[in-house]
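According to my numbering, the stretch in the sequence shown is residues 7 to 336, in order. Working notes, structure below.
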Amino acid sequence: MLIHRPRRLRQSPFIREIVTEHKLSADDFIYPVFVKDTKAPEAIKSMPNIMRHSTHSLLKEIEESLKLGIKAFALFPVVDEGKKSSNAAESYNPDSLNQKTIQLVKKNFPEVIIIGDIALDPYTDHGHDGLISDGKILNDATVEILSKMALAQAEAGVDIVAPSDMMDGRIKAIRSALDNKGFQDTMIMAYTAKYASCLYNPFREALDSLSDNKKNTGIPQDKKTYQMNYANAKEALRELELDISEGADIVMVKPAAWYGDIIKSFKENSSVPIAAYQVSAEYSMIYAASEQGWIDLDKAMHESLTSIKRAGADLILSYFAKDFLREKTS
Ligand code: PBG
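If you want it as structure tokens, here you go:
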């Protein structure tokens with residue numbers, strides 16, 4: 007006699023359903039959206055189905071997403087080349103596209119949670135997340151700008167600021183800048199373990215922040231002096247400790263699928279909710295393979311998102327958010 011037959015619990019759809027450990031719902035998702043100063047929404051070649059929205063089409067996108075139950079949106083501006091500079095001054099301009107979009111969305115949908123990106127890369131002419139001097143990314147001078155940027159977004163009405171830059175000490179600086187001006191309730195979602203990954207390329211195309219060949223220009227050719235080495239796991243715990251002690255309300259692991267071990271270690275060591283970012287190429291790779299007919303889009307979307315939740319993410323930033331929920335409700 008065989009006593010243990012795990013297959014008993016897999017024998018029909020109903021029994022499989024009721025013993026499912028991890029299920030995704032609309033409340034798991036944060037939907038990243040792009041906005042550009044443009045009349046008509048523009049396609050992004052390396053991210054099928056994702057748009058650089060006009061402010062008008064963004065409002066429609068949010069309205070449709072709300073109907074599917076999505077409550078939170080991570081906003082990324084595509085900044086006109088003419089507004090980029092070496093000191094990223096546009097990032098804290100109260101009349102910038104980003105700040106105006108925050109105001110517009112909050113006016114139309116006051117209940118929606120807007121998560122503002124805090125990093126210089128959309129605004130610098132070289133595409134780095136920090137100021138550069140003598141070929142080096144400056145930490146403390148960058149943090150000062152990040153604080154101004156967080157304040158400008160809080161003044162525009164953002165609910166959560168999300169520093170995605172990986173400078174040291176930015177959570178503490180941003181927290182105190184916000185509190186000094188009475189924004190005690192503005193939340194901080196820290197990109198805590200953000201790895202120097204090849205998986206951000208389609209996003210950089212979306213933002214036009216893919217910088218040209220930087221050889222011999224005195225500009226660092228990659229982001230390895232601030233984003234983490236993907237060979238390191240313990241170092242993520244150090245970042246976690248720092249961000250929580252500096253006041254992060256939510257911590258994030260990025261990318262997601264190849265970093266399930268990091269998500270899990272955060273789950274075991276964090277006292278605050280954990281977000282994971284299924285980044286642009288995670289999305290695009292699944293899409294590309296499915297367009298070749300090599301994998302099934304819906305199945306791969308479902309399996310990848312479930313794996314991120316199973317690893318321990320409380321929140322998932324995903325370009326699939328809308329498709330996934332539409333699929334589920336149809
Ligand atoms: C930069 C930033 C990046 C992403 C979000 N914020 C790219 C980078 O670090 O170069 C990537 C998101 C994605 O790939 O979907 N502050």
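Idealized CB from N, CA, C, for every residue including glycine.
Cα-Cα separation between residue i and residue j, rounded to whole angstroms
i	j	result
A168	G136	15 Å
V285	S18	34 Å
V111	D146	32 Å
E150	A179	8 Å
R181	T198	15 Å
Y37	A212	15 Å
L243	A125	22 Å
W264	N275	19 Å
R22	R332	22 Å
V25	V85	47 Å
Q105	L15	52 Å
I56	N207	14 Å
P338	K260	Because the chain is modelled from 7 through 336, residue 338 falls outside the range shown and cannot be assessed.
A281	R13	33 Å
I138	L246	26 Å
R210	H28	32 Å
E117	A158	20 Å
K334	I50	25 Å
CB-CB length for residue i against residue j, believed under 8 Å
i	j	result
L90	Y129	Correcting the residue identity first, residue 90 is Lys in this sequence and not Leu. Their Cβ separation, rounded to whole angstroms, is 6 Å, which keeps K90 and Y129 in contact under 8 Å.
F35	S324	6 Å
Y293	A262	Between A262 and Y293 the Cβ distance is about 16 Å, and since that is not below 8 Å, they are no contact.
D43	L103	5 Å
A319	I269	5 Å
I143	P226	7 Å
Coil, strand or helix - residue i by DSSP
i	result
F209	helix
D83	One point to set straight first is that residue 83 is Pro, not Asp, in the sequence displayed. Here P83 sits in strand by DSSP.
S286	helix
A78	strand
G224	coil
P19	helix
Y236	coil
M193	strand
Y37	strand
T130	strand
K29	coil
T44	coil
K89	helix
A49	strand
A202	coil
A95	helix
I68	helix
I9	coil
First through last residue of the alpha helix (DSSP H) which encompasses residue i
i	result
I56	Neither: I56 is in no alpha helix (DSSP H) and is coded neither H nor E.
I301	Counting along the chain, I301 falls outside any alpha helix (DSSP H), and DSSP gives it neither H nor E.
L184	176-186
A168	Note, A168: premise wrong, no alpha helix (DSSP H); beta strand (DSSP E) at 166-169.
L103	103-114
N269	This sequence places Ile at residue 269; Asn is not what is there. Start and end: 266-275.
Residue range of the beta strand (DSSP E) that includes residue i
i	result
M258	256-260
S324	321-324
T231	Premise fails: T231 is in no beta strand (DSSP E) and is neither H nor E.
D123	119-124
L137	137-139
K5	Nothing can be reported for residue 5, as the shown portion of the chain is limited to 7 through 336.
So, does the region 223-236 touch the region 303-321, judging by three or more C-beta pairs under 8 Å?
no
Evaluate contact between the region 104-123 and the region 158-175, counting only Cβ atoms and requiring at least three cross-stretch pairs below 8 Å.
yes
Per the contact definition of three or more C-beta pairs closer than 8 Å, is the region 173-181 in contact with the region 249-263?
yes
On the three-pair Cβ rule with 8 Å, is the region 255-262 touching the region 188-204?
yes
Any contact of the region 319-334 with the region 68-84, i.e. 3+ C-beta pairs under 8 Å?
yes
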